[in-house]
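Asker: Questions regarding the structure given below will be posed in turn.
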Amino acid sequence: MPAEFIRILIGLVAVAASVGLIGLVMVWVERKVAGHVQRRPGPYEVGPNGLLQPLADALKLVGKQLFMPDGADPILFWLAPVLSFLPVLLLFLPLPLGDGLFTMDVNLGLLLILAFSGLSVLSLLLGGWASNNKYGLLGAARAVAQSVAYEIPLLLSVLAVAFVSGSLDLATMVKEQGTWPWNWNIMTQPLAFLIYIVSALGETNRAPFDLPEAESELTAGFHTEYSGMGFGLFFLAEYANMVVVCSVATVLFLGGWHGPVLPGPVWFVLKVSLLMLLLVFFRWTYPRVRFDQLLNINWKWLLPLSVANLLFTAFFVKLAQYTIVR
Amino acid sequence: MNAIKEAFKTVSDLWSLMVGLKVTGKYFLEPQRTVRYPWKALDNTDTYKGHLELVGGVKDPFKPRCISCGMCALACPSNCLTVVKRKAPKPTPEEEKAMAEAKANGEKVKDKTPKDPEQFIYDYTLCSLCGTCMENCPAGALKFSKNIYMAGYSRNDFLFDLVVKLRESEASAEQEPAAPAAESSEA
Amino acid sequence: MTRNANMEHLAGDFYTNNFAKTAKEGSLILNLGPQHPSTHGVLRVIVEMDGEYVMRAEPVLGYLHRMHEKMAEVKTAAQFIPNMGRVDYGHALAWNWAFVGAAEKLAGIEVPERAEYVRTITCECNRIASHLLWWGAYLLDLGAFTPIMYAFDDREKLLDILQVPTGSRLTYSYFRIGGVAQDLNEDCLGRIRKFIPWMRSRLPMYKDLVSDNIILRKRIEGVGVIEPDLCRSFGATGPVARGSGINYDVRRAEPYSIYPKIDFEVPTSELMDARGRYDVRMIEIEQSLRIIEQCLELMPEGDVLVKGAPKPSWKVPKGETYFAVEGGRGKIGVYLASDGGKNLYRTKLRAPGYCNLSLFAEVSRGTILADAVAILGSLDLIIPEIDR
Numbered sequence: 023m024p025a026e027f028i029r030i031l032i033g034l035v036a037v038a039a040s041v042g043l044i045g046l047v048m049v050w051v052e053r054k055v056a057g058h059v060q061r062r063p064g065p066y067e068v069g070p071n072g073l074l075q076p077l078a079d080a081l082k083l084v085g086k087q088l089f090m091p092d093g094a095d096p097i098l099f100w101l102a103p104v105l106s107f108l109p110v111l112l113l114f115l116p117l118p119l120g121d122g123l124f125t126m127d128v129n130l131g132l133l134l135i136l137a138f139s140g141l142s143v144l145s146l147l148l149g150g151w152a153s154n155n156k157y158g159l160l161g162a163a164r165a166v167a168q169s170v171a172y173e174i175p176l177l178l179s180v181l182a183v184a185f186v187s188g189s190l191d192l193a194t195m196v197k198e199q200g201t202w203p204w205n206w207n208i209m210t211q212p213l214a215f216l217i218y219i220v221s222a223l224g225e226t227n228r229a230p231f232d233l234p235e236a237e238s239e240l241t242a243g244f245h246t247e248y249s250g251m252g253f254g255l256f257f258l259a260e261y262a263n264m265v266v267v268c269s270v271a272t273v274l275f276l277g278g279w280h281g282p283v284l285p286g287p288v289w290f291v292l293k294v295s296l297l298m299l300l301l302v303f304f305r306w307t308y309p310r311v312r313f314d315q316l317l318n319i320n321w322k323w324l325l326p327l328s329v330a331n332l333l334f335t336a337f338f339v340k341l342a343q344y345t346i347v348r
Numbered sequence: 041m042n043a044i045k046e047a048f049k050t051v052s053d054l055w056s057l058m059v060g061l062k063v064t065g066k067y068f069l070e071p072q073r074t075v076r077y078p079w080k081a082l083d084n085t086d087t088y089k090g091h092l093e094l095v096g097g098v099k100d101p102f103k104p105r106c107i108s109c110g111m112c113a114l115a116c117p118s119n120c121l122t123v124v125k126r127k128a129p130k131p132t133p134e135e136e137k138a139m140a141e142a143k144a145n146g147e148k149v150k151d152k153t154p155k156d157p158e159q160f161i162y163d164y165t166l167c168s169l170c171g172t173c174m175e176n177c178p179a180g181a182l183k184f185s186k187n188i189y190m191a192g193y194s195r196n197d198f199l200f201d202l203v204v205k206l207r208e209s210e211a212s213a214e215q216e217p218a219a220p221a222a223e224s225s226e227a
Numbered sequence: 011m012t013r014n015a016n017m018e019h020l021a022g023d024f025y026t027n028n029f030a031k032t033a034k035e036g037s038l039i040l041n042l043g044p045q046h047p048s049t050h051g052v053l054r055v056i057v058e059m060d061g062e063y064v065m066r067a068e069p070v071l072g073y074l075h076r077m078h079e080k081m082a083e084v085k086t087a088a089q090f091i092p093n094m095g096r097v098d099y100g101h102a103l104a105w106n107w108a109f110v111g112a113a114e115k116l117a118g119i120e121v122p123e124r125a126e127y128v129r130t131i132t133c134e135c136n137r138i139a140s141h142l143l144w145w146g147a148y149l150l151d152l153g154a155f156t157p158i159m160y161a162f163d164d165r166e167k168l169l170d171i172l173q174v175p176t177g178s179r180l181t182y183s184y185f186r187i188g189g190v191a192q193d194l195n196e197d198c199l200g201r202i203r204k205f206i207p208w209m210r211s212r213l214p215m216y217k218d219l220v221s222d223n224i225i226l227r228k229r230i231e232g233v234g235v236i237e238p239d240l241c242r243s244f245g246a247t248g249p250v251a252r253g254s255g256i257n258y259d260v261r262r263a264e265p266y267s268i269y270p271k272i273d274f275e276v277p278t279s280e281l282m283d284a285r286g287r288y289d290v291r292m293i294e295i296e297q298s299l300r301i302i303e304q305c306l307e308l309m310p311e312g313d314v315l316v317k318g319a320p321k322p323s324w325k326v327p328k329g330e331t332y333f334a335v336e337g338g339r340g341k342i343g344v345y346l347a348s349d350g351g352k353n354l355y356r357t358k359l360r361a362p363g364y365c366n367l368s369l370f371a372e373v374s375r376g377t378i379l380a381d382a383v384a385i386l387g388s389l390d391l392i393i394p395e396i397d398r
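Protein chains in written order, with the numbering used here: chain A, 23 to 348; chain B, 41 to 227; chain C, 11 to 398.
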């Protein structure tokens, strides 16, 4: 009992530290990639190659005056950023970084992650609505519709992989996959991978699905009225959510910590970084999808496809059971 | 049948997304186009139209070619020029006697006021850099400088007396005869 | 948030309150601008929204009114040219041309042929720069952050080219009554000759990255359909009208300068939506390159300013005239009336953006807010010329 407790404590501390670090690194990576795609240097003044820029940004955000607009509900207004950031720490706990390297041994790890990531919707809604700002309200309404809609294909595609692996425990799912890419789940479930990536973009409000914070239409959407650390928390939560989503994709589809020569955690970090880089590239390449088209994509394409995928997977898993037993 | 055709079309449309990624991926690896000013010099400053400057004479570069006719001040759309003419010098007693004699004979007295202006006040905050003054100067006394580093802390920093500026710039040019005209700064 | 029906609670200004008087119960009144990230200038649009749908839109103008026409009344003709460079920063040389063309028409001044060619070359370069700016800004509105950087890379080349004869990068006052201020020297001509194949090589990349992109196509196809009759009744010109199928280009309809000698196509589109306007402008970039090529070949030697060009004290002879040119946004017209005195008696500037913007209120009814922004971008508005 005490061993479990110590393990969770160490894990939580490590997660908290790494989430902060991830935020800083991701800010730098995003701005550098944006710069190089646009043929300009990105940050290069602060620190060598701009490496201290995120630190300067963090200091700036911390030092700003915390401002609440007139007529905004104080409790809900300040609850929203905190609520967006809190569940994120919990989502890192079941992720296996290596063989046996996970903080919590939950045999419903996947369910835990999916359940708690749904809480972020609430924070967007509260943030937009409590701002007493029409732009914020519009952004919040869009965010709720979008997040609720994209939960379903996310769930169904992940469920297909759970069928193949036979359990909802993330550690087991990784163990089932082999060392080499042709043994990974992406080979047996390519459609589920694509659906998962698209739904993940929708869930985390990343481009091209970033309407809730559509800069050119709604000023800043649901976080129009936030400045300083309030905005900082929303920002950090978005990046942390991105990391969680990429980690789950790695675990489910790309073989987790499996890999030829290097130790497990290195491969895990490498794969997650590659997926994150892909998501960052998506942001700087594509224009924004219109809101009703976004919902159309979900209800008309992703949902039927993921249901079909699930049915096929169930069918083939049962078939494999019978043929192997025989 | 139509629905299947539509489905295929959508899938082929999605290929355009991959093409877009290829383009940005290619530019990600290409060299940057930014000139890291001010550590690197800009290369398009030769043709820049900076603030006005007076042109010095050929024999005496400290004295502007301006003949104080005032055409530029009249022509300026923004009323940013004021030319202050010089007063006639006080004549010496011999000159006065000579002038009185000439007047008695009915000859015309030559005007001994120097032509160049006493002050040439130029308000850069009003100037629109149109060039009308420069083109209409009969003496060719105005030109645009190539000074891209004009900066100041207050509005008064941009109220020039171009005669003084000419003197200063000629003096500094004399002191460093080897200094190149280019303004690339090496910090 | 449905407190709009109770007007005392809203601290709206005159326009919002006026607008809200005829608003439906329970609708949301939103101000797009005057400070808005969809940078077109300082434009304010009051929209009445029912959820995400725009029920009614009303632009409020005048935030950028700088009284150019009043300034013309206290200036002589030669002194007014810098003003014309600042009316529309996108296509400043076309405005220059409209004004000096009107003055020359009134006074019967004949411009030397080389000056006509120089005017055409620089004006078409400016048109390409204006369309590139529109393209980049439009995509920024739609959420793509990189194409504006690529467009500005090309635009930098053009601005450097145009800096050689004019000395400025944006607000040119290069044309004079009777010609242009300075000739294009060999350096400038060499740069233009190098620029044309470079621009041609960039256009396929723009097509790959943006025009064929399925997300963009879904955003602008079918959006903002403007019937040709609506265009005519509002007086829309330029790519807005040509995108609806009306084949009207001032360079063909009322030819001026050397355009009759140049062989170029006027693109029109049968799709009457934002996609049609987009295509028209992209093809116009290619056609401008063609025009510049032909002008470079046909350009004769000679003066660029007529002998005895008007001095600043030149008085415009008595009379009135109207002269129109094709700008990047549409038909730019200048009406000059003079009573023979020192200053121009009346200068009326016809801005194409004013008529194009009036279309917006009609066309954006019943569309989603995102579509309204897409329509506004496709009209290619530059607010300084609308407010003058």
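Every residue gets a Cβ at the ideal spot worked out from N, C-alpha and C, and that includes glycine.
All values reported here derive from a predicted model rather than from experimental measurement.
Using a Cβ cut-off of 8 Å (strictly closer), state whether Val316/C contacts chain B.
Answerer: No - not a single Cβ of chain B is within 8 Å of the one on Val316/C.
Asker: Closer than 7 Å by C-beta to Lys23/C: which residues in its own chain qualify, once you throw out the five before and the five after it? Chain order, please.
Answerer: For the record, residue 23/C in the displayed sequence is Asp; it is not Lys. The answer is none, since no qualifying residue turns up.
Asker: Who are the neighbours of Thr156/C on chain B, taking C-beta pairs under 7 Å?
Answerer: Residues of chain B passing the Cβ test: Thr64.
Asker: Which one of Ser267/C, Gly351/C, Lys328/C has the shortest CA to CA distance from Val121/C?
Answerer: Of the listed residues, the one whose Cα sits closest to Val121/C is Ser267/C.
Asker: Can you find the residues in the same chain that come closer than 6 Å, C-beta to C-beta, to Ala125/C, ignoring five residues on each side of it along the sequence?
Answerer: The residues are Gly189, Val190, Val314.
Asker: Closest to Gly363/C by C-alpha separation, out of Ala251/C, Arg375/C, Pro322/C, Tyr288/C, would be which residue?
Answerer: Cα-wise, what sits closest to Gly363/C is Ala251/C.
Asker: Starting from Ala382/C, trace the alpha helix (DSSP H) in both directions and tell me its first and last residue.
Answerer: It spans 379-388 - the alpha helix (DSSP H) in which Ala382/C sits, taken as one unbroken run.
Asker: Is it a yes or a no for the region 148-156 of chain B touching the region 126-139 of chain B, going by three-plus beta-carbon pairs under 8 Å?
Answerer: The region 148-156 of chain B vs the region 126-139 of chain B: in contact.
Asker: Can you give the Cα-Cα distance for Val270/A and Leu327/A, rounded to whole angstroms?
Answerer: Roughly 20 Å separates the two Cα atoms.
Asker: Anything in the region 174-186 of chain C with a Cβ closer than 7 Å to a Cβ of chain B? List those residues in chain order, please.
Answerer: So the list reads Val174, Gly177, Ser178, Ser183, given in the order they occur along the chain.
Asker: Just the chain B side, please: which residues come within less than 8 Å of Trp50/A by C-beta, in chain order?
Answerer: Near Trp50/A there are no residues of chain B at all, since even the closest Cβ is about 16 Å away, more than 8 Å.
Asker: Going by C-alpha to C-alpha distance, which of Cys120/B, Thr172/B, Pro178/B sits closest to Phe198/B?
Answerer: Ranking the options by Cα distance to Phe198/B, first place goes to Cys120/B.
Asker: Going along the chain, which unbroken runs of the alpha helix (DSSP H) with 4 or more residues stay wholly within the region 98-133 of chain B?
Answerer: Complete alpha helix (DSSP H) runs here, min 4: 111-115.
Asker: Would you grab the beta carbon distance between Met195/A and Leu317/A for me? Rounded to a whole angstrom, and I think it's under 8 Å.
Answerer: With a Cβ gap of about 30 Å, Met195/A and Leu317/A do not count as contacting.
Asker: Since Gly146/C and Ile158/C should fall inside the 8 Å C-beta cutoff, what is the C-beta to C-beta distance between them, to a whole number of angstroms?
Answerer: Right, the Cβ-Cβ distance comes to about 3 Å (below 8 Å), so this counts as a contact.
Asker: Going by the C-beta, is Ser194/B closer than 7 Å to any heavy atom of the ligand MN?
Answerer: Looking at this structure, you won't find the ligand MN or any other ligand, since it has none at all.
Asker: Is the CB-CB distance between His50/C and Gly338/C below 8 Å?
Answerer: Against a cut-off of 8 Å, the Cβ pair of Gly338/C and His50/C comes out as no contact.
Asker: So what's Thr85/B in DSSP terms, helix, strand or just coil?
Answerer: Of the three classes helix, strand and coil, the one that applies to Thr85/B here is coil, per DSSP.
Asker: What does the alpha-carbon distance come out to for the pair Asn42/B and Ile295/C?
Answerer: Taking the straight line joining both Cα atoms gives about 37 Å.
Asker: DSSP three-state call for Gln168/A: helix, strand or coil?
Answerer: Note: Gln168/A maps to helix in three-state DSSP.
Asker: For chain B, find out if any of its Cβ atoms is closer than 8 Å to the Cβ of Pro214/C; answer yes or no.
Answerer: No, its Cβ sits nowhere closer than 8 Å to a Cβ of chain B.
Asker: Rounded to whole angstroms, what's the CA-CA distance from Ala263/C to Glu336/C? Just pull it up for me.
Answerer: So the two alpha carbons sit approximately 10 Å from each other.
Asker: Taking only three categories from DSSP, how would you classify Pro69/C?
Answerer: Of the three classes helix, strand and coil, the one that applies to Pro69/C here is strand, per DSSP.
Asker: Who pairs with Asp289/C in a beta bridge, going by DSSP?
Answerer: In DSSP, Asp289/C forms no bridge with anything.
Asker: Can you say whether Pro320/C is buried or exposed, counting buried as having 16 or more other CB atoms within 10 angstroms of its CB?
Answerer: Per the 10 Å Cβ criterion, buried.
Asker: What residues from chain A crowd round Glu70/B, counting only those whose CB sits closer than 9 Å?
Answerer: By Cβ distance, chain A contributes His58, Arg61.
Asker: Quick check: what's the CA-CA separation for Ser279/C versus Val290/C?
Answerer: Their backbone Cα atoms lie some 7 Å apart in a straight line.
Asker: Does DSSP put Tyr345/C in a helix, in a strand, or in coil?
Answerer: Three-state result, Tyr345/C: strand.
Asker: Could you tell me which residues DSSP puts in a beta bridge with Met59/C?
Answerer: DSSP lists Leu38/C, Val64/C as partners of Met59/C.
Asker: Leaving aside the five residues before and after Ala117/C along the sequence, list all residues of the same chain whose C-beta is less than 7 Å from its C-beta, in chain order.
Answerer: Answer for Ala117/C: Val326, Pro327, listed in chain order.
Asker: For Arg375/C, name the three-state secondary structure that DSSP assigns.
Answerer: Of the three classes helix, strand and coil, the one that applies to Arg375/C here is coil, per DSSP.
Asker: Please report the residue range of the beta strand (DSSP E) in which Ile396/C lies.
Answerer: Premise fails: Ile396/C lies in the alpha helix (DSSP H), 393-397, not in any beta strand (DSSP E).
Asker: Which residues in chain F sit within 8 Å of Thr122/B, going by Cβ to Cβ distance?
Answerer: The structure shown contains no chain F; its protein chains are A, B and C.
Asker: Taking Thr331/C as part of the alpha helix (DSSP H), name the residues at either end of that continuous run.
Answerer: Note, Thr331/C: premise wrong, no alpha helix (DSSP H); beta strand (DSSP E) at 329-336.
Asker: Taking Cβ-Cβ distances shorter than 9 Å, what residues in chain B pair up with Tyr308/A?
Answerer: Under the 9 Å cutoff, chain B gives Leu57, Gly60, Leu61.
Asker: Name the chain A residues that come within less than 9 Å of Arg285/C, Cβ to Cβ?
Answerer: Within chain A, no residue comes near Arg285/C; the closest Cβ sits about 14 Å away, beyond 9 Å.
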